[in-house]
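Protein sequence lines correspond, in order, to chains A and B.
All residue numbers for the first sequence refer to UniProt numbering, where the first residue is 1 and numbers rise by one.
All residue numbers for the second sequence refer to UniProt numbering, where the first residue is 1 and numbers rise by one.
Protein chains: 2
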Amino acid sequence: MPATIRDVAAEAGVSVATVSRVASGGDYPIGAETKAKVLAAIERLNYRPNGMAKGLTQRNSRLVGVVAPDMSNPYYPEITRGIEDVATARGYQVLSCSTDRDPGRARSSIDALLAKRVAALAVIGGGDEVVLPDGDLEAYGTEVVMIGRATRRFSTVRVENAEAGQEVGRHLLALGHRSIGFVAGHRGSSASDERLRGLRRALKDAGVEHRSDQVANGDYTEAGGYDATRRLMHASAPPSAIFAASDRMAIGALAALRDMQLRVPDDVALVGFDDIPMAEYLRPALTTVSVSAHRLGTEAMGLLLDGTGRPRRPQHLRVRTRMVIRESCGARRT
Amino acid sequence: MPATIRDVAAEAGVSVATVSRVASGGDYPIGAETKAKVLAAIERLNYRPNGMAKGLTQRNSRLVGVVAPDMSNPYYPEITRGIEDVATARGYQVLSCSTDRDPGRARSSIDALLAKRVAALAVIGGGDEVVLPDGDLEAYGTEVVMIGRATRRFSTVRVENAEAGQEVGRHLLALGHRSIGFVAGHRGSSASDERLRGLRRALKDAGVEHRSDQVANGDYTEAGGYDATRRLMHASAPPSAIFAASDRMAIGALAALRDMQLRVPDDVALVGFDDIPMAEYLRPALTTVSVSAHRLGTEAMGLLLDGTGRPRRPQHLRVRTRMVIRESCGARRT
DNA sequence: CTGAAAGCGCTTACAG
DNA sequence: CTGAAAGCGCTTACAG
């Protein structure tokens, strides 16, 4: 059994109230001598206040919950890392769950998190598998932020996907491309939809139309990107450029094009999305769009744990992207 | 304020003890009618037992802590995902922390985790930045498992790195290579050390010696792999094959070789480690060693949460690897 | 089968 | 500046 506050009180010869006050380290006035005694006792007994008891009395678990589709997809842990960084700086810890895009798993994760009385909850991903029981959230005083998903009910932090898609479109148009294939993420991904919308806006502004057979689903995986690219290239009028909604799919596209004996960027230009670390080390180096996943996390936590403790009205933040031009789009001849 | 057990008791017209018993869902005998009333009240009030209170009385937080160097490196979240899967199946949740290989951060993470009274603790990574206060662990009854790090004090789950390295060595020898460069992970990485040891054993068995200038540090990153490869190739007698201790470094190596106008595998053979999803989609497709990070996590949790609740003596598990032969090693002509 | 009561380890008015 | 006591929301012997 670890030492409790009573043990420390006995050891120091003071009341538990006093121990509590020095252990918590607030600015409650304590006699210098008393404080020293208590500190010594804490040290001697290796006392570490029980977080559950603290949470219970203070009505604050100091826990923030994170729910993401799948923590084994690098994008989510990176956001979570951002969340962790600001959370720990504020004395919170993160409890994370994967839903696998399954509503059932999502529901039980949320339940477990609410049972643990998380002070804040971040829901990552544009899917709709997570449904939040708003009555309970209010009762528990749990602040919520959605990352990458649109809603008015809660605060949101989102990537400027449409703007980025538009920028990619304009870039490719400027390079002379008029037929641009789009490798989409999985069905229902709002991020992918928005990127496509941006691309189409750019094309429309240039008077170029975009057909539905110029879009193929790639499921956000290398394999999906590979297959989608083959489908795109086997159309009656294959595109001269491909925009993949993620770098992982772009890597699949690169393999597919290579296997079809097509050179990138000479025969087909390629642009990805995310700017994962290895994008720079592909050959040709991948032109892509950089988004700071870490930043999404820090911004989100900033919204939740702003220190006031007062629930505010939902806020909506947007995180900028930055296009990184390397070799695969053909803008830079190698 | 969310409904408490008293609210439910009042609503159902029974004692809190009774509510506790039906809410906990054990096999404690309860009258059918009473049970129905309580269940109805729980439903009506949307009662969800407070996890902190439960934890406090039951002396079990139902929390497992995970400490890893950096959750933004995909390898760790994947292990963590394995941990999560078995943890949630057993009614636990995971609290995760990144240390950035900084002893200070590690210390405060461990402290925070112990304060939360985690029932179990998994320490991931071969580094030594994490030091565990054994006295406290015993007092708290916290079970510990180290993933990827050798120790007798706690249970461990480790990858058969040396065996894998040896297998790679033999494979490369069989292909005729006599000079094999090794791209190592960061300094002090036991995984990297073990893989190198295995490689050297294979070489030694074949009567081939391996010099220290045939090893270059690559820090487990693409950039590190790139630079290390250049250094290796600039030696007086450049290797005919390169074994990188991670796929990410292998990708850097691939770029470096390409930039040096060297063809893989014709001029230089290349083997990675990890078998990340995109290894198959590189061109040439990467020959590598597959390790199930997810499995490391499930095995580790299996050791901790075995349901007996009784602390056992440390157990030591080893997880097999599997060499995946693709194009980059030259075994399969493309 | 059901309930009253003590207790888990803290915090925090309240009184002095 | 210090302490006694109530209370946070549960569980669990113990008694009936």
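Just so it is clear, CB atoms sit at the ideal spot from N, CA and C, and this is done for glycine as well.
Residues near residue i by beta carbon distance below 7 Å, same chain, minus five either side
i              : result
F273 (chain B) : R195, A244, A245, S246, D247, T288, V289
T298 (chain B) : G82, D85, V86
S15 (chain B)  : A9
G198 (chain B) : N161, A162, E163, A164, G165, Q166, G169
Q261 (chain A) : none
E43 (chain B)  : none
E78 (chain A)  : A293, H294
S236 (chain A) : none
P314 (chain A) : R152, R153, F154, S155
M233 (chain A) : M260
Residue i - partner residues in DSSP beta bridges
i              : result
M71 (chain A)  : Looking at the DSSP assignment, M71 (chain A) forms no beta bridge with any residue, so it has no partner.
A87 (chain A)  : Looking at the DSSP assignment, A87 (chain A) forms no beta bridge with any residue, so it has no partner.
E316 (chain A) : Looking at the sequence itself, residue 316 (chain A) is His, so the reference to Glu does not match. Note: H316 (chain A) sits in a beta bridge opposite A:T156.
C329 (chain B) : Paired residues: none, contrary to the question.
N217 (chain B) : B:A184
G65 (chain A)  : A:L95, A:L121
L270 (chain B) : B:I242
Residue i: first and last residue of the uninterrupted alpha helix (DSSP H) it sits in
i              : result
T4 (chain B)   : It is not in any alpha helix (DSSP H) - T4 (chain B) carries neither H nor E in the DSSP assignment.
A290 (chain A) : This sequence places Ser at residue 290 (chain A); Ala is not what is there. It is not in any alpha helix (DSSP H) - S290 (chain A) instead sits in the beta strand (DSSP E) that spans 288-290.
A245 (chain A) : From DSSP, A245 (chain A) is part of no alpha helix (DSSP H); its letter is neither H nor E.
T34 (chain B)  : 32-45
Y226 (chain B) : 222-233
V22 (chain B)  : 16-24
R197 (chain B) : 190-205
Y28 (chain B)  : Y28 (chain B) -> no alpha helix (DSSP H), and no H or E assigned at all.
L262 (chain A) : Counting along the chain, L262 (chain A) falls outside any alpha helix (DSSP H), and DSSP gives it neither H nor E.
H210 (chain B) : That residue, H210 (chain B), is in no alpha helix (DSSP H); it is neither H nor E in DSSP.
M278 (chain B) : M278 (chain B) -> no alpha helix (DSSP H), and no H or E assigned at all.
E129 (chain A) : Note, E129 (chain A): premise wrong, no alpha helix (DSSP H); not H, not E.
A53 (chain A)  : 51-58
Host beta strand (DSSP E) of residue i (start-end)
i              : result
E143 (chain B) : 143-147
M323 (chain A) : 322-324
S108 (chain B) : From DSSP, S108 (chain B) is part of no beta strand (DSSP E) but of the alpha helix (DSSP H) over 103-115.
S98 (chain B)  : 93-98
L121 (chain B) : 120-124
Nearest-angstrom Cβ-Cβ length linking residue i and residue j, presumed shorter than 8 Å
i              : j              : result
S240 (chain B) : S179 (chain B) : 5 Å
I242 (chain A) : T221 (chain A) : About 16 Å; that fails the 8 Å criterion.
R318 (chain B) : R158 (chain B) : 6 Å
V269 (chain B) : G330 (chain B) : Going by the sequence as given, residue 269 (chain B) is Ala instead of Val. Sure, about 5 Å apart at Cβ, within 8 Å.
M323 (chain A) : H177 (chain A) : Actually they do not touch by this definition, with Cβ atoms about 15 Å apart.
D100 (chain A) : D70 (chain A)  : 6 Å
K116 (chain B) : Q93 (chain A)  : 7 Å
A89 (chain B)  : L45 (chain B)  : Contact flag wrong, Cβ pair sits at about 28 Å.
S109 (chain A) : V67 (chain A)  : 6 Å
L56 (chain B)  : M1 (chain A)   : Contact doesn't hold; Cβ gap of about 14 Å is too wide.
S96 (chain A)  : S96 (chain B)  : 6 Å
Own chain residues within Cβ distance below 6 Å of residue i, not counting five before or after
i              : result
Y226 (chain A) : G252, A255, A256
V145 (chain A) : A122, S155, A300, L303, L304
S328 (chain A) : V264, P265, L270, P284, L286, T287
A106 (chain B) : T99, E129, V130
L113 (chain B) : G65
G181 (chain A) : Q214, L232, P239, I242
Chain-order list of residues whose beta-carbon lies under 8 Å from that of residue i (same chain, five-residue window excluded)
i              : result
G302 (chain A) : V86
I5 (chain B)   : V16, V19, S20, A23, Y47, P49
G188 (chain B) : G126, G127, D128
A191 (chain B) : G126, G148, V159, N161, G185, A245
A40 (chain B)  : A12
A223 (chain A) : G252
According to a CB-to-CB cut-off of less than 9 Å, which residues of the segment 128-162 of chain B neighbour chain A? P133, G135, D136, A139, Y140, G141
Output, in sequence order along the chain, the residues in the segment 41-54 of chain B whose CB is closer than 7 Å to any CB in chain A. N46, R48, P49, N50, G51, M52, A53
Closer than 9 Å, Cβ to any Cβ of chain A: which residues of the segment 281-300 of chain B, in chain order? Y281, L282, R283, A285, A293, H294
Members of the segment 218-230 of chain A near chain B, C-beta cut-off 9 Å: T221, E222, A223, G225, Y226
Name the residues in the segment 237-254 of chain A whose C-beta lies less than 8 Å from a C-beta of chain B; which are they? R248, I251, G252, L254
Contact list for the segment 81-94 of chain B against chain A, Cβ threshold 7 Å: R81, E84, Q93, V94
Cβ-based contacts, 9 Å cut-off: residues of the segment 110-127 of chain B near chain A: D111, A112, L113, L114, A115, K116, R117
Return the residues of the segment 258-283 of chain B that lie within a Cβ-Cβ distance of less than 8 Å from chain A, sorted by chain order. R258, D259, P277, M278, E280, Y281, L282, R283
Closer than 7 Å, Cβ to Cβ, to anything on chain B: give me those residues from the segment 62-77 of chain A, in chain order. M71, S72, P74, P77
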